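See below for the structure under consideration.
Numbering (the working numbering), first residue to last: 13 to 305.
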């Protein structure tokens, strides 16, 4: 699945992030309005924590006006949430816990989205366990993978030998909405002599290197789904010109070898010699092109 830009979901979710990479965190007020739940990424592989500011010309406006907590989180992914009371006087030690481990379980500092559906996170006081606030989390199954350049453009499937392109991928649901949460990505290439890539293991980002002319496939997999792209690599423009000139020179040499040098060599009137020579050159040129193929 190829896509040029994120949809409106992305604009409303990506929040109080600064363009220099600093993160305050996407937030939403709890259902009891006592404080804010703050979404944090377990790893840099979560799209919520990517530095996407270069993708938008109005990046500053997005940062100032958007503070949305992710609407949808991918099943199987990891994420973190903390809670902050609205009033500093109420800023007591608290812990965020899932209401049910069936949907959300705890592993270290992270929550793991185990099952699709809507579940709740509860902020409790460390002392006494009083409920301070709660919020809902929507866990969604990924149904597709979007492949994009890191500039937000559709990826080119035709490359020139020696070219490099930075790719990035993210999961989407059946409606095409991007899904939050850290997932582990698997990349494979059918023929690494034609195209290869570099990047961190498990990362959603790769630098694609066009090594040699030919056609091959790159496959990206996550959460049981895959996206397959066919990549064709052409030679450089200089290589094509040189090859064409070489063939033309061979044809010219073969044509010259097959034609009589002068009219005096044949004893045939000049007009007939010219006609025969032209016919000979044409025939030899065709043969030369066929042999060259």
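Ideal Cβ positions, reconstructed from N, Cα and C, are used throughout, including at glycine.
It should be emphasised that the depicted structure is a prediction, and the values quoted were computed from it without experimental measurement.
Between the alpha carbons of residue 51 and residue 157 lies a gap of roughly 23 Å.
Separation of the CB atoms of residue 161 and residue 244 is rounded to 17 Å, and the pair is thereby denied contact status at 8 Å. Residues of the same chain with a CB within less than 7 Å of the CB of residue 127, apart from the 5 flanking positions on each side, are 87, 114, 115 and 151 in chain order.
Around the C-beta of residue 58, 16 or more other C-beta atoms lie within 10 Å, and the residue is accordingly described as buried. Residues of the same chain with a CB within less than 8 Å of the CB of residue 43, apart from the 5 flanking positions on each side, are 145, 146, 147 and 148 in chain order.
Out of 90, 223 and 105, the CA that lies nearest to the CA of residue 172 is found in 223. 108 is the residue among 108, 118 and 120 whose C-alpha sits nearest the C-alpha of residue 135. Put simply, the backbone Cα of residue 220 is about 4 Å away from that of residue 209.
Annotation: residue 95 to residue 48 spans about 6 Å, alpha carbon to alpha carbon.
Residues 134 and 136 of the same chain have their beta carbon placed closer than 7 Å to that of residue 143, with the five preceding and five following residues left out of the count. Sorting 39, 185, 55 and 177 by C-alpha distance to the C-alpha of residue 214 places 55 at the top.
Restricting attention to 93, 204, 159 and 206, the CA atom closest to the CA of residue 238 is found in 159.
For the region 162-188, the full-length beta strand (DSSP E) segments reaching 3 residues or more read 170-172 and 176-184 along the chain. In the structure shown, the three-state DSSP call for residue 59 is helix. The beta strand (DSSP E) runs lying completely inside the region 91-156 and spanning 3 residues or more are 106-110, 116-119, 122-125, 129-137 and 143-152, given in chain order. Cβ neighbours of residue 182 within its own chain (closer than 7 Å, five residues either side excluded): 59, 158, 190 and 216. Exclusion of the five residues before and after residue 111 leaves 131, 132, 133, 134 and 146 as the residues of its chain whose Cβ lies within less than 8 Å of its Cβ. By the Cβ neighbour-count rule, residue 125 is buried, with 16 or more other Cβ atoms within 10 Å of its own.
The continuous beta strand (DSSP E) containing residue 222 extends over residues 217-222. Annotation: residue 179 to residue 99 spans about 43 Å, alpha carbon to alpha carbon. For residue 242 and residue 103, the gap between their C-alpha atoms comes out near 54 Å. Taking a contact as a CB-CB distance under 8 Å, the pair residue 225 and residue 247 counts as one, their CB atoms being some 5 Å apart. Taking C-beta atoms as the reference points, residue 123 and residue 93 count as a pair closer than 8 Å. Less than 8 Å divides the Cβ of residue 192 from the Cβ of residue 82. Contact between residue 185 and residue 84 holds: CB atoms are separated by about 6 Å, below the 8 Å threshold.
The three-state reading of DSSP puts residue 160 in strand, counting E and B together. In terms of Cα proximity to residue 120, the closest of 91, 105, 140 and 129 is 91. Between the alpha carbons of residue 38 and residue 205 lies a gap of roughly 43 Å.
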